[in-house]
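K.L.:
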Amino acid sequence: MRATDTTNLSGRTARPLGVTRLGFGGAPLGNLYRGISEEDAQATLAAAFAAGVRLFDTAPFYGLGRSEERFGVAIARAGREGVVLSTKIGRLLVDGPVDESTKGLFIDAPAKQVVFDYTYDGVMRSHESSLQRLGVEAIDILLIHDVDVWTHGSQAAADAKVRELFDKGGYRALDELKGAGRIAAIGAGVNEWEACEALLGHADFDCFLLAGRYTLIEQEALGSFLPTCVERDVGIILGGPYNSGILATGAIDGARFNYQPAPPHIMERVRRIESVCARHGVTLAAAALQFVLAHPAVASIIPGAMAESEVRQNVALLEELIPPSLWGELKEERLLRDDAPVPQA
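One rule links them: number in this note's numbering = place in the sequence shown (from 1) + 393.
Written as structure tokens, this is what we have:
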């Protein structure tokens with residue numbers, strides 16, 4: 394499997410979107426957890442482009458505008474041709490002191506406050522602001538950001554945001570932008586497959602950016618959500634294929650799982666997966682990336698990168714040869730579900 398192989402994101406987009414199997418996730422370039430210089434950010438983006446990556450995802454929230462602005466500089470240098478550009482709506486950035494909720498998350502963030510807004514006007518304002526920060530005339534994929542329990546703290550609070558999206562015109566704004574050809578695809582970027590499944594009960598979507606929730610560790614989405622995506626021709630962009638790090642680092646001291654220190658049962662599960670990989674001479678991270686791409690709903694993966702070396706490493710991991718026997722042993726050891734699609738030789 395080559396990292397730059399392309400696949401169609403969805404058959405219902407305003408224009409067919411051929412995305413590279415390896416994309417680029419922009420959260421780290423918003424100084425997520427640690428600062429990165431402008432020079433290093435631009436070198437990382439240039440390395441991704443040179444490697445053939447053409448799907449680039451960002452959001453206003455990432456660094457409170459910093460990630461989008463850095464993408465804009467890179468696009469001005471490399472050009473827009475062939476690039477599939479994705480960003481998000483749902484959070485407006487307004488002038489003010491640095492938002493308390495982002496302290497410790499995004500380092501050296503600009504003085505902005507975050508206001509959740511999924512209304513018609515909120516979507517339109519967010520879209521226009523993103524165009525300005527990115528310095529482009531059009532965005533390809535516009536995603537509804539974080540209408541999930543993970544972000545809002547309870548099912549009731551998440552449901553209220555979904556009602557705002559549909560009752561206050563947010564989805565209508567997205568539909569109008571797509572109908573006018575200003576965007577090519579409508580989707581959602583969330584941390585829970587259940588939230589995606591609920592959205593499909595309200596309207597049609599072209600794609601979802603799912604952060605984790607289908608990985609070497611987690612496969613519950615195979616039950617109903619991913620089969621529904623295949624049936625309805627909804628493409629999945631899979632963020633967080635390393636489950637926030639542990640599937641890249643292995644079960645080391647301080648390993649992170651879903652943004653938190655990995656609990657003991659996850660550490661033990663990953664140790665067992667590592668042991669199987671070692672017996673077959675396979676890198677854990679390579680197995681993590683290649684496994685998720687085997688599902689027919691998954692069009693692309695967007696592991697984060699904060700350095701040129703990390704971009705090159707992700708490319709190499711996708712091209713690492715993995716014997717079919719690895720997947721068979723993982724299933725025998727009950728470390729993969731029996732119904733999980735696996736890469737073919």
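Note that the Cβ used here is the ideal one computed from N, Cα and C, for glycine as well. No experiment lies behind these values; they were computed from the predicted model shown.
1. Secondary structure at P634, three-state DSSP: helix, strand or coil?
2. Cβ atoms of V516 and V487: under 7 angstroms apart, would you say?
3. Can you say whether P490 is buried or exposed, counting buried as having 16 or more other CB atoms within 10 angstroms of its CB?
4. Skipping 5 residues on each side, what residues in its chain have a beta carbon closer than 7 angstroms to that of N651?
5. Let me know the secondary structure DSSP gives N401 once reduced to three states.
6. Specify whether the stretch 491 to 505 and the stretch 550 to 568 touch according to this definition: at least 3 beta carbon pairs, one from each stretch, less than 8 angstroms apart.
7. So, using beta-carbon positions, are G465 and G528 closer together than 7 angstroms?
8. Straight-line CA distance for E431 to E462?
9. Among L619, L570, D510, K571, whose alpha-carbon lies nearest the alpha-carbon of A687?
10. P717: buried (16+ other C-beta within 10 angstroms of its C-beta) or exposed?
11. Take every Cβ of the stretch 563 to 580, pair it with every Cβ of the stretch 524 to 543, and state whether three or more of those distances are shorter than 8 angstroms.
12. Can you give me the Cβ contacts of Q683 inside the same chain, cut-off strictly under 7 angstroms, excluding the 5 residues immediately before and after it?
13. So which of A577, Y607, F559 has the shortest CA-CA distance to L593?
14. Across which residues does DSSP place T676 in a beta bridge pair?
15. Write down every uninterrupted run of the alpha helix (DSSP H) in the stretch 577 to 617 whose length is 4 residues or greater and which is fully enclosed by it, in chain order.
16. Look up I695 in the DSSP assignment and give the residues it is bridged to.
17. By alpha-carbon positions, which one of E521, G721, A679, A471 ends up nearest to A443?
18. Give me, in chain order, the residues of the same chain whose beta-carbon lies closer than 6 angstroms to that of A612; leave out the 5 immediate sequence neighbours on both sides.
19. What residues are listed by DSSP as bridge partners for S479?
20. Using the Cα positions of P656 and E530, report the straight-line distance between them to the nearest angstrom.
21. Hey, could you find the ends of the alpha helix (DSSP H) Q525 is sitting in?
22. Helix, strand or coil for L485 per DSSP?
23. Based on DSSP bridge pairs, tell me the residues matched to Q506.
P.N.:
Taking the coordinates as given:
1. Note: P634 maps to coil in three-state DSSP.
2. No, Cβ-Cβ distance for V487 and V516 is not below 7 angstroms.
3. It counts as exposed.
4. Only residues of its own chain outside the window of five on either side were considered, and among them G605, N636, S637 have a CB closer than 7 angstroms to the CB of N651, listed in chain order.
5. Correct three-state label for N401: strand.
6. Here the stretch 491 to 505 makes no contact with the stretch 550 to 568; the two share fewer than three CB pairs at distances below 8 angstroms.
7. It is a contact, given that the beta carbons lie within the stated cut-off.
8. Roughly 10 angstroms separates the two Cα atoms.
9. Scanning L619, L570, D510, K571 for the CA closest to the CA of A687 turns up L619.
10. Exposed.
11. Segment contact: the stretch 563 to 580 against the stretch 524 to 543, three or more CB-CB distances shorter than 8 angstroms; contact assigned.
12. Contacts found: M394, L711, I715, P736.
13. Nearest option by C-alpha distance: F559.
14. Paired residues: none, contrary to the question.
15. The DSSP assignment places complete alpha helix (DSSP H) segments of no fewer than 4 residues inside the stretch 577 to 617 at 586 to 593, in order along the chain.
16. I695 pairs with G632.
17. When each option's Cα is compared against that of A443, the closest is A471.
18. The sequence shown places Gln at residue 612, rather than the Ala named in the question. Excluding residues within five positions, the ones whose Cβ falls inside 6 angstroms are R730, A733.
19. Assignment of beta-bridge partners to S479 by DSSP yields D450, I534.
20. Pairing P656 with E530, the inter-Cα distance amounts to about 45 angstroms.
21. 513 to 527 is the span of the alpha helix (DSSP H), which, as asked, contains Q525.
22. Three-state DSSP puts L485 in a strand.
23. In the DSSP output, where bridge partners are listed per residue, Q506 has V487.
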